Each structure stands twice: as C-alpha cells, then as structure tokens.
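*Asks:* One structure follows; several queries about it will come next.
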Amino acid sequence: MPENTNLIQCYNRGCGQLFDPNDNDKDTCCHHPGAPVFHDAYKGWSCCNKKSVDFTEFLNIKGCTLSKHNSVKPVEPEKKALNKDLEQKQVIEVRAPIVGPRLPRPPFDTPVVTLKPNVAESLKQSVLNTSQQAAVITDGTIAIGTICKNGGCSAAYEGPQTNDSICTHHPGFPVFHEGLKFWTCCQKRTTDFNTFLNQPGCTTGTHKWVKEAAAAGTIKCRWDWHQTPEYVIVSVYAKKYDPSTSFVKLNPIRLNVKLFFCEEGNASFELDLELRGVIDLDKSSASMLGTKVEVKLKKAEPGAWSKLDFPRAPPQVEQKETPQPQVEEDDLVDLSSVEAINSIGQINMAG
C-alpha cells in the first residue's frame, strides 16, 4: 500500500496524531479541550477529573472529547519584554525588622495574681457527683446497691442484714504478667480475664462498703504548650479535679497551676514555671474544662518563644538524719519475694 504523503500534524491537546485533511470526520480526534493543570504534585486536565502523579501517565491520559482534527498550531503566549535598563537601576534594599526595646523582666518572686477561670458545666457536674459520693461516705450511710470494695467480692449492700453475710475475697493484689493473671494471695493463675474476675476468694471476712481514704500526695498530669503570634497556650490534662480549690496564678514571668483531686484523698498536681517571655496579665485567661485546664497567656511583646520556660533548680530540702533502730538478726525478713511482685506491677481492682 503506497504511503500517504499528505498527512499533517493535529495540534489538539492529547491527540498529536497525523491525519489526512481529506478524511477528517467530526469524531476522528480524541483530545482534551481543556488546559493542563499541575497542582500539589498532581497532573491532570481542566476538562476531566483524571489525575496522576506520574508525568508519563499524565501524557497517556486518553482524551475526553471527540471532534475533528485541528491543523492550526496554538499561538504561544506573549512574553513580556524585559527592560534591562530598569533591571540594572532597580535596587532592592533588605532591612532587618525593627525590634523595639525589650521589656524588663521582674523578679520571679513578684506578687502573683489569681485568675478567675471559666469553669465548664461538664466539670461542675463531675465534681457535684464526686461531692455527693463523699457526703454519703462522711455521713456513714451506705447506698443500697453499693458493691463490696474487697477484691474478688461482688456482693451488693441490701441493708444492715448484708453485714452478717460472709465476705469471700482476695486480700492481695491482682497481677498481670506475661499473659498470666493472678492474685498475690493465692497460687491460682489463668490467661483468661473473665476466669480471673470470677475466681473465688481465698479468704473470708467482713464486707468493706467504703474505700479507704488515700493519704494526700502528688499526682502526675500530662501537659504541653503551643503558641500563636499573640498568645502562648498551656494545657494541663486532668479529670475530676476540684475547680473551687484548684487555681491558676500569674505574674509577668511566672505561671503557677495547682490542681486538687478530691477522689484521690485531696492529692494535688502543681506546675510552677518561669516563663521564657513576658506576658500581659490583664489579657490572659484560664479555662477549667472536663478533661484539661487551658491557660491562655497574652504575649506582652511580639515574637516567637523558642521554649516555654527557663529551667529552675528544685528547692533544696534539708534532710535530717534520723537514728536507725538496731534490729536483731532474728527479726530480719527476706523481702525478695515482695520486691519481685512489685517489679511486675500491680493494679488495685478493689477500687
């Protein structure tokens, strides 16, 4: 078959074929009438939704429209003429940003101001429920349906007569180690959690309807911070803390947050920091929410803080040496077994 020398180039986007102008029907050219679009590593056409991150695949995307072949070469977009004289005369001056004088830093022990926080309704309700439970315990009255707090006992309080029933429980602690679940007071072990929960107690005694109050101590809470051009936001993550006794105190370079937890024997968490920058007390605020305390510190001067605070040495506490009582050798007890149990980790299931 003789080769046709009258073929010309089609300039429709996505086609690029040679065609015979004498044989150019309306459905012979499959092309893209839109323009190529390159955005966020994706390559596609404005006329259809097909996209690709690979350039070769983009070139091979089949056209979305049928029409006649086009022999007219598209006009190149006009380029703006460069004025070389103007370029040579133009001088770009770069100046450092104007920084005003730094604000003086007052002493760390400057008197603090206690912020009045916005307390969320969810936190108020949570504290109200806790207070009601505490009132029942203080009253000495036991609500019907209260479950025995001894480990392994599931008896419910149904009235004074329930105190006459025998409490079968585990006086030890639950231990979870290498898939095994057991109590420290007996040797029965299992890998199934439900079997562990239903394991009968190994000791009998009286029911305990009220959990023993824990001694006041300290609690660890997670906290972090972030900043915007105008504010530094510090968040302390905690639940069921008492907003009436907890507080947030500030001075221009100090943040002091202290939270109290009634359910934990009035244990507390404290965050006391010397801030990296100076803050505006009047425009700073605090919010006490159900899951966290959020302190919004207004920057007193522009600029980003490289860190939240300056490290401070912990206060030195003088420890007085107390005379050690002399113990006879016969009274010494080998605690290796107890230490082994503690190293595994214990979870108090009674509470």
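Taking UniProt numbering, the leading residue of the sequence shown gets 1, the next gets one more, and so forth.
By construction, the Cβ of each residue, glycine as well, lies at the ideal position given by its N, Cα and C atoms.
Just so we're clear, the structure is a prediction, and the values are computed from it rather than from any experiment.
(1) According to the Cβ coordinates, are Val-119 and Leu-250 closer than 8 Å?
(2) Can you have a look at Lys-181 and say buried or exposed, based on whether 16 or more other CB atoms are within 10 angstroms of its CB?
(3) Count the other CB atoms, across all protein chains shown, that sit within 10 Å of the CB of Asp-139; report buried if there are 16 or more and exposed otherwise.
(4) Which same chain residues end up closer than 8 Å to Ser-122 when comparing Cβ atoms and leaving out the 5 residues on each side of it in sequence?
(5) Can you tell me whether Arg-312 is buried or exposed? The criterion is at least 16 other CB atoms within 10 Å of its CB, across all chains shown.
(6) Does the Cβ-Cβ distance between Val-295 and Ala-304 come in under 8 Å?
(7) Whole angstroms is fine: what's the gap from Pro-243's alpha carbon to Gly-265's?
(8) So the candidates are Arg-102, Gly-172, Ser-154, Lys-62; which of them puts its Cα closest to the Cα of Ser-165?
(9) Buried or exposed: where does Leu-59 fall if 16 or more other Cβ atoms within 10 Å of its Cβ makes it buried?
(10) Smallest Cα separation from Thr-184: which of Leu-308, Ala-41, Lys-299, Gly-152?
(11) On the DSSP bridge list, what partners appear for Thr-168?
(12) Which same chain residues, not among the five before or five after Phe-193, have their C-beta less than 8 Å away from its C-beta?
(13) Answer yes or no: the CB of Cys-30 versus the heavy atoms of the ligand NAD, is any distance below 7 Å?
(14) Is the CB-CB distance between Leu-66 and Cys-30 below 8 Å?
(15) In three-state terms, what does DSSP make of Cys-10?
(16) Tell me whether Phe-176 sits in a helix, a strand or coil according to DSSP, three-state version.
(17) Could you have a look at Leu-115 and say whether DSSP puts it in helix, strand or coil?
(18) Based on Cα-Cα distance, which residue from Cys-262, Asp-309, Ser-306 lies nearest to Leu-128?
(19) Span of the beta strand (DSSP E) holding Glu-274?
(20) Can you have a look at Pro-174 and say buried or exposed, based on whether 16 or more other CB atoms are within 10 angstroms of its CB?
(21) At the level of alpha carbons, what is the spacing between His-310 and Lys-239?
(22) Is DSSP giving Thr-228 helix, strand or coil here?
(23) What are the residues that DSSP puts in a beta bridge with Asn-256?
*Replies:* If we stick to the structure as given:
(1) Mapped onto the sequence shown, residue 119 falls at position 119. Mapped onto the sequence shown, residue 250 falls at position 250. Not in contact: Val-119 and Leu-250 (Cβ atoms no closer than 8 Å).
(2) Locating residue 181 in the sequence shown gives position 181, where the first residue counts as 1. That one is buried.
(3) Counting from 1 along the sequence shown, the entry for residue 139 is found at position 139. Per-residue confidence for Asp-139 stands at a pLDDT of 48, beneath the threshold of 50, marking its modelled position as unreliable; the derived number appears in the next sentence. With fewer than 16 Cβ atoms within 10 Å of its Cβ, Asp-139 is classed as exposed.
(4) Translated into positions along the sequence shown, residue 122 becomes position 122. Counting only Cβ-Cβ distances below 8 Å, and skipping sequence neighbours, we find Leu-289, Gly-290.
(5) Looking up residue 312 in the sequence shown gives position 312. Classification for Arg-312: exposed.
(6) Against the sequence shown, residue 295 aligns to sequence position 295. Against the sequence shown, residue 304 aligns to sequence position 304. No, they are not a contact pair.
(7) As a first step, residue 243 is located in the sequence shown; it is residue number 243 there, counting from the start. As a first step, residue 265 is located in the sequence shown; it is residue number 265 there, counting from the start. Their backbone Cα atoms lie some 15 Å apart in a straight line.
(8) Numbered from its first residue, the sequence shown carries residue 165 at position 165. Here the closest residue by C-alpha is Ser-154.
(9) The residue you call residue 59 lines up with position 59 of the sequence shown. Flag for Leu-59 reads exposed.
(10) Taking the first residue of the sequence shown as 1, we reach residue 184 at position 184. Thr-184 has its Cα closest to that of Gly-152, out of Leu-308, Ala-41, Lys-299, Gly-152.
(11) On the sequence shown, residue 168 is found 168 positions in, with the first residue counted as 1. Bridge partners of Thr-168: Thr-204.
(12) Taking the first residue of the sequence shown as position 1, residue 193 is located at position 193. Hits under 8 Å: Lys-181.
(13) The ligand NAD is not among the ligands present in this structure, which contains no ligands whatsoever.
(14) Indexing the sequence shown from 1 puts residue 66 at position 66. Indexing the sequence shown from 1 puts residue 30 at position 30. Their beta carbons are under 8 Å apart, which means Leu-66 touches Cys-30 by this criterion.
(15) Mapped onto the sequence shown, residue 10 falls at position 10. In the structure shown, Cys-10 sits in coil (DSSP, three-state: anything other than H, G, I, E or B).
(16) The residue given as residue 176 occupies position 176 in the sequence shown. The answer is strand: DSSP assigns Phe-176 an E or B state.
(17) Taking the sequence shown and counting its residues from 1, the one referred to as residue 115 is at position 115. Coil, per DSSP.
(18) In the sequence shown, counting from the first residue as 1, residue 128 sits at position 128. When each option's Cα is compared against that of Leu-128, the closest is Cys-262.
(19) Your numbering for residue 274 matches position 274 in the sequence shown. Where Glu-274 is concerned, the enclosing beta strand (DSSP E) stretches over 267–275.
(20) Position 174 of the sequence shown holds residue 174. Looking at its Cβ environment, which holds 16 or more other Cβ atoms inside 10 Å, Pro-174 is buried.
(21) Taking the sequence shown and counting its residues from 1, the one referred to as residue 310 is at position 310. Taking the sequence shown and counting its residues from 1, the one referred to as residue 239 is at position 239. A small fix is needed here, since residue 310 is Phe in this sequence, not His. About 28 Å.
(22) Locating residue 228 in the sequence shown gives position 228, where the first residue counts as 1. Coil at Thr-228, not helix or strand.
(23) Along the sequence shown, one-based indexing puts residue 256 at 256. DSSP output for Asn-256 lists Lys-249, Asp-272 as bridge partner(s).
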